[in-house]
Structures are given as C-alpha cells and as structure tokens.
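Every number in the working numbering is 634 more than the matching position in the sequence shown, counting from 1.
Just so you know, even glycine gets a beta-carbon here, dropped at the ideal spot from N, CA and C.
Some notes on the structure that comes next.
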Amino acid sequence: MLQTSAGAQPLWMQPALAPRVQVDLNQVAAEVLSSLVPRASHGAAVDTRLEAGAIPPVAADATLLREVLTNLVLNAIEAMPEGGRLAIRTWAGAGRVYCAVSDTGTGMAPDVQRRALEPFFTAKGLTSTGLGLSVNYGILRGYGGDLAIESAEGRGTTATFHLPAASPSDLAPVVAGAPGRRQL
Ligand SMILES: Nc1ncnc2c1ncn2[C@@H]1O[C@H](COP(=O)(O)OP(=O)(O)O)[C@@H](O)[C@H]1O
Ligand SMILES: [Mg+2]
C-alpha cells in the first residue's frame with residue numbers, strides 16, 4: 635500500500651479562504667453523497683455508505699468543504715466506471731476531526747500516486763483539469779488540516795483528511811447549503 639502526502643505548495647495555489655465557522659462535516663458528507671453520486675455515476679452501480687461518527691463541528695467553511703468532498707467523491711466515482719463501493723467515514727480524535735473517502739476502484743500506479751497532489755497532474759487525459767487534489771490540499775492546509783492518500787492498484791483508494799475541531803470562539807454553526815439572505 636503506497637501512501638502520498640504533499641510537500642510545500644507554491645503561494646499561488648493557496649486559495650483565499652473564507653473565515654472559519656463551525657461546520658458539521660457529517661451533514662456536508664450526506665449532502666454530497668445524496669446529491670452528487672446519482673448524477674455523476676452515469677448509471678454505474680455505486681453503492682454508497684456514510685459511516686458518520688460522533689464528531690464535533692470543524693472550523694472551516696461549508697462551501698469549501700463541500701468542494702473538498704466533491705473532488706474526492708468525483709475521483710472515487712471516476713475510478714469505478716463499472717461501479718463499486720464508495721464509503722465516507724468520519725471520526726474524532728485529539729481535537730481533530732478525521733474523514734476518509736474510500737473506493738473499490740482502479741487504485742493508482744506508483745508513479746500516478748507520487749504525483750497525484752501536484753497542480754495540473756491528471757492521468758485522465760484532456761477532459762480533466764488535474765486540480766481536484768491540489769485544490770483540496772490547499773484548502774485543507776489553509777484551515778490547519780492535512781490530506782493523505784493510500785492506494786493499492788486494482789483494489790482501491792482511500793483519501794483521508796483531518797481538520798481542527800471548532801473552538802467556542804469560532805462562529806456558531808451554519809446550515810450547510812442554506813441560501814444566504816440577500817438584501818436587494
Ligand atoms: N480515487 C482515486 N482512484 C484512482 N485514481 C485517483 C483517485 N483520486 C485521484 N486519482 C488519480 O490522481 C489524479 C489527480 O487527481 P485530481 O487532482 O482530482 O485530478 P483529475 O481528477 O482532474 O485528474 C487523477 O487523474 C487520478 O489518476
Ligand atoms: Mg479529480
């Protein structure tokens with residue numbers, strides 16, 4: 635089993651982050667699974683499971699976390715063109731919240747895995763940007779978290795990230811996906 639995590643990232647890859655608020659990662663994961671998987675799997679039988687642990691809110695931004703999970707879930711689906719199993723698991727430990735997205739897809743060859751977090755690296759040809767994992771890495775590092783990938787060729791991949799649990803000084807929970815009030 636190979637494991638990848640990235641080194642330093644160039645400054646231009648670091649996104650301007652939204653202020654930290656309390657986000658329920660289980661809720662974001664449930665939304666991404668229910669809204670994205672049916673549309674993105676193009677009829678392949680993808681069996682999804684959310685193993686939602688008892689976790690405190692994380693200190694981040696709901697929209698950016700939805701992007702992180704969307705990128706990971708799309709990669710998982712794209713690795714399983716004939717279908718398979720996709721699981722998101724969350725758990726808490728030592729002031730942090732962990733989240734693992736695993737699939738039973740193609741896995742990665744060692745040279746792909748070594749480069750997977752590089753900006754613009756893709757093994758999917760011209761239709762893909764190769765930005766999903768590097769953008770994720772920038773977002774997660776920006777909120778004090780990290781991302782690591784384990785993969786076994788022919789068996790599947792698990793991408794695991796962690797973020798700091800929110801502290802009372804972070805703003806109150808926001809409902810992920812709730813439209814903001816607009817004043818015209
Ligand atoms: N779950 C996965 N299973 C197999 N390969 C993966 C997975 N996630 C990422 N990869 C590999 O890492 C590369 C980079 O991923 P990413 O940054 O999301 O870019 P993109 O999906 O646009 O190619 C992919 O092209 C693919 O080869
Ligand atoms: Mg991708």
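(Q) Taking only three categories from DSSP, how would you classify P744? (A) helix
Q: From the DSSP output, in three-state form, read off P775 for me.
A: Note that residue 775 is Arg in the sequence shown here, rather than Pro. Helix, per DSSP.
Q) Taking three-plus beta-carbon pairs below 8 Å as touching, is the segment 681-700 in contact with the segment 649-667? A) yes
Q | Pick from A663, L703 and E712 that is closest to T761, judged by C-alpha positions | A | E712
Q: Determine contact between the segment 788-804 and the segment 672-679, defined as no fewer than three beta-carbon pairs at a distance below 8 Å.
A: no
(Q) Using the three-state DSSP reduction, which class does R789 fall into: helix, strand or coil? (A) coil
**Q.** Spatial neighbours of G778 in its chain, beta-carbon cut-off 6 Å, leaving aside the 5 residues before and after
**A.** P798
Q) In three-state DSSP terms, what is E665? A) helix
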